[in-house]
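Heads up: the structure comes next, in structure tokens.
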DNA sequence: GTCTATACTCTGATAGAC
DNA sequence: GTCTATCAGAGTATAGAC
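Protein chains in written order, with full-length UniProt numbering: chain V, 1 to 222; chain U, 1 to 222.
As structure tokens, this is what we get:
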């Protein structure tokens, strides 16, 4: 692996464990196996530029997990619930430390480091765009895909925080269940209304398992 | 206001804007209007002890908002949606900076400051207990109250993070809508099953507005 | 490109006068 | 209890040999 890649990767790992302010250049150099001089050679902007590269890198990697986790499940609802359970297992196996660096940095220093906040915003915007495009491809309307991806990302980042504090999988499981129910109701409604409009890659995609009431959850609430 | 209260309050304010590591003692002294010596007089544990006091203080204050925000609404569903909308407005009015200090500190330094993580865990545990007790008092079963409060807290903390990064109210609105739909379905189910068991403080508490299908969202999913 | 040595600033914390 | 002066150490960043 190239040196600059090693440095950015080490930074991402440190960011999600201790945040930006608590991460020092010397510590980063040790973790990356490179002297401090190399860091400033590859990243003339110093610590901030390394963090920026780390955020972009992990942001791009994270959104690829969405199709990877949801594609195997024929209906979105069970896929969402399984994805949250998988996130819980992953975090528990790392001692409740493996949070998302983008979330950590945004929470920590959004106001004091405007440049990093801007990058976090770009990353999140990509999450929303690619995520809602994927969900639309799975049969949700554009508007509902937009709502679901926002709620999903919020629930995920928040579950990271709560699970990390309480050292419990329950935030993930509860968030996964409520979202799965919401998405399941949407899917049932779309299937009942017009399954012809969106010929997704999934096979039969009939109504849910034993829950096919075909009732949308009060589409236009507010 | 007493000096130690002023110090803890100033710390809470700094914590939610820049996190723990980036907040210095001198900055805290300036913000609290007290010299550094006073800080160590009132908090012999130094910076860490001040942060601990700030977390406990704001944690206790935040959970009181739950009944305050939900009591005015006869059904939980609209109350939840309104509460998330209120949080979005509050955050927007402060330039997307007013995050929850407990969430910030937990995300930032849960692993590097075990003592503060422990305190955050205690605060969150109180949130879960008092929150689920309140929700049970509003008619949810104990098990569902437990699930809803976990999902609600996760969605809230996560919405803070996303909204702060993207400077958008949408994470709050989307999270509020999905949770409101979930809670609304629960309420409709309970009302249809047996409205006698839980004689809450609410009045008629009939089925939801124009959505009274009385269909539980697949109670025992997993 | 890699690595060492160092300059300069700021940190948390303390001692002690008032 | 309040406040000032100061310490020892860690922080980022840089200069320059290899």
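Glycine is no exception: its CB is placed at the ideal position from the N, C-alpha and C atoms.
Secondary structure of residue i, DSSP reduced to three states
{"i": "residue 64 of chain V", "result": "coil"}
{"i": "residue 73 of chain U", "result": "coil"}
{"i": "residue 99 of chain V", "result": "coil"}
{"i": "residue 90 of chain U", "result": "helix"}
{"i": "residue 4 of chain U", "result": "helix"}
{"i": "residue 168 of chain V", "result": "coil"}
{"i": "residue 23 of chain U", "result": "coil"}
{"i": "residue 15 of chain U", "result": "helix"}
{"i": "residue 140 of chain U", "result": "coil"}
{"i": "residue 192 of chain V", "result": "helix"}
{"i": "residue 229 of chain V", "result": "Nothing can be reported for residue 229 of chain V: it is not among the residues displayed for chain V, which extend from 1 to 222."}
{"i": "residue 79 of chain V", "result": "helix"}
{"i": "residue 113 of chain V", "result": "coil"}
{"i": "residue 46 of chain V", "result": "coil"}
Closer than 7 angstroms to chain V by CB, residue i
{"i": "residue 114 of chain U", "result": "no"}
{"i": "residue 150 of chain U", "result": "yes"}
{"i": "residue 126 of chain U", "result": "no"}
{"i": "residue 182 of chain U", "result": "yes"}
{"i": "residue 37 of chain U", "result": "no"}
{"i": "residue 171 of chain U", "result": "yes"}
{"i": "residue 17 of chain U", "result": "yes"}
{"i": "residue 161 of chain U", "result": "yes"}
{"i": "residue 139 of chain U", "result": "no"}
{"i": "residue 46 of chain U", "result": "no"}
Beta carbon proximity, residue i to chain U, threshold 7 angstroms
{"i": "residue 153 of chain V", "result": "yes"}
{"i": "residue 62 of chain V", "result": "no"}
{"i": "residue 80 of chain V", "result": "no"}
{"i": "residue 166 of chain V", "result": "yes"}
{"i": "residue 103 of chain V", "result": "yes"}
{"i": "residue 94 of chain V", "result": "no"}
{"i": "residue 30 of chain V", "result": "no"}
{"i": "residue 21 of chain V", "result": "yes"}
{"i": "residue 24 of chain V", "result": "no"}
Whole-number beta carbon distance between residue j and residue i, since they are thought to touch under 8 angstroms
{"i": "residue 167 of chain U", "j": "residue 115 of chain U", "result": "About 33 angstroms separates the two Cβ atoms, so there is no contact after all."}
{"i": "residue 126 of chain U", "j": "residue 59 of chain U", "result": "7 angstroms"}
{"i": "residue 84 of chain U", "j": "residue 176 of chain U", "result": "3 angstroms"}
{"i": "residue 105 of chain U", "j": "residue 22 of chain V", "result": "Not a contact, Cβ separation roughly 11 angstroms."}
{"i": "residue 99 of chain V", "j": "residue 51 of chain V", "result": "Actually they are not in contact, since the Cβ atoms of residue 99 of chain V and residue 51 of chain V sit about 15 angstroms apart, beyond 8 angstroms."}
{"i": "residue 88 of chain U", "j": "residue 103 of chain V", "result": "Contact doesn't hold; Cβ gap of about 18 angstroms is too wide."}
Cβ-based burial, residue i [other Cβ within 10 Å; buried from 16]
{"i": "residue 64 of chain U", "result": "exposed"}
{"i": "residue 36 of chain U", "result": "exposed"}
{"i": "residue 186 of chain V", "result": "buried"}
{"i": "residue 72 of chain V", "result": "exposed"}
{"i": "residue 79 of chain V", "result": "buried"}
{"i": "residue 18 of chain U", "result": "buried"}
{"i": "residue 68 of chain V", "result": "exposed"}
{"i": "residue 25 of chain V", "result": "exposed"}
{"i": "residue 30 of chain V", "result": "exposed"}
{"i": "residue 46 of chain U", "result": "exposed"}
Exercise. Residue ranges of each alpha helix (DSSP H) run of no fewer than 4 residues wholly in the UniProt DNA-binding region "H-T-H motif" (24-43) of chain V, ordered along the chain?
Worked result: Runs found: 25-32, 36-42.
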